[in-house]
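Student:
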Amino acid sequence: MTAPSDPQRYEIRKYPNRRFYDVTRSRHVTLDDLYELVKVGHEIVVTDSKTGTDITNVVLTQIILEHDPPKLDLFPASLLHQAIQANQQMVRRFVDEYFAQAVNAFAESRNRFDEFLRRSGFSALQPMAPFDWVRMLFPGVAGGAPNATQAAPPPVPSPAHQHAPNSTSTGAAERADTQSLRDEVEALRAELAAMRKSAKPRKPSGKPRK
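This is the structure we're talking about:
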């Protein structure tokens, strides 16, 4: 989905009766309205009207549960168990240090791949959500077949020009770019595999306390 040309940040206030008020535009809104704002690329900040607490994460989770529940399949059950069992500081540190870096790496890889296609004379790929890219690169993590070892390749784009490049140096450069992209994808797979391994719950040691 194309991001808005002028993304904005909307201040939202939630009242005890579960109603939302858009402070930025001075009007009442619904959860569906907030979903549409986020969907097109805007940012929302939600605070509790009584306490002033930032509850943005809670509302965003509610939006996902009601509008995009399949996206929760991205997270392995073992990771969700640990998120519930661990204290807040540990979970925040894990998300900041690992998950955010992985998402940024995916976005950078996608941009590099799009640039490679443009230089090669191919038309751009269809817009793809970050979760779809994760499912494509790591099917075992993103709710696909757990035993899958290789992701399906993206659709082959149609050439923008029907003739092949005449320069052999251009072909060599394209092959080098392709290999570089493959190496980067393999590195991302290895990194996420290590993250999944470290996220597996450890077996309790010792005898249970009486």
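Its first residue numbered 79, the sequence shown is counted upward by one per residue in the working numbering. In this text, a Cβ means the ideal position worked out from N, Cα and C, and glycines have one as well.
How many Å lie between Ile133 and Arg96 at the Cα?
Tutor: Residue mapping note: residue 133 aligns to position 55 of the sequence shown, counting from 1. Residue mapping note: residue 96 aligns to position 18 of the sequence shown, counting from 1. Roughly 13 angstroms separates the two Cα atoms.
Student: Looking only at DSSP bridge pairs, what is Thr125 linked to?
Tutor: Sequence index remark: in the sequence shown, residue 125 carries index 47 (1-based). In DSSP, Thr125 forms a bridge with Arg91 and Asp132.
Student: Is Phe98 helix, strand or coil when you go by DSSP?
Tutor: Your numbering for residue 98 matches position 20 in the sequence shown. Reduced to three states, the DSSP call for Phe98 is strand.
Student: Is it the case that the Cβ atoms of Arg103 and Tyr113 are separated by a distance below 9 angstroms?
Tutor: Position 25 of the sequence shown holds residue 103. Position 35 of the sequence shown holds residue 113. For Arg103 and Tyr113, no; Cβs fall outside 9 angstroms.
Student: Spatial neighbours of Val124 within its chain, please: C-beta separation below 6 angstroms, excluding the five flanking residues on both sides.
Tutor: As a position in the sequence shown, residue 124 is number 46, starting the count at 1. Cβ within range, chain order: Ile90, Lys92, Ile133, Thr134 and Val137.
Student: Pull up the CB-CB distance for Ile141 and Val107, whole angstroms please, since I reckon it's below 8 angstroms.
Tutor: Your numbering for residue 141 matches position 63 in the sequence shown. Your numbering for residue 107 matches position 29 in the sequence shown. Not quite, the Cβ-Cβ distance comes to about 12 angstroms (not below 8 angstroms), so this is no contact.
Student: For the candidate residues Thr139, Leu152 and Pro85, whose alpha-carbon lies nearest to that of His120?
Tutor: Locating residue 120 in the sequence shown gives position 42, counting from the first residue. Checked all of Thr139, Leu152 and Pro85; the closest Cα to His120 is Pro85.
Student: Identify, in the order they occur along the chain, each residue of the same chain with its Cβ nearer than 7 angstroms to the Cβ of Gly262, setting aside the five sequence neighbours on each side.
Tutor: As a position in the sequence shown, residue 262 is number 184, starting the count at 1. A quick correction: the sequence has Glu, not Gly, at residue 262. If we look at Glu262 and ignore the five residues flanking it on each side, its Cβ neighbours are Ser187.
Student: Over the uninterrupted beta strand (DSSP E) stretch that includes His106, give me the two end residues.
Tutor: Translated into the one-based positions of the sequence shown, residue 106 becomes position 28. That run of the beta strand (DSSP E) goes Arg105 to Val107.
Student: Between Asp100 and Asp110, is the Cβ-Cβ spacing less than 9 angstroms?
Tutor: Sequence index remark: in the sequence shown, residue 100 carries index 22 (1-based). Sequence index remark: in the sequence shown, residue 110 carries index 32 (1-based). It is not a contact, given that the beta carbons lie outside the stated cut-off.
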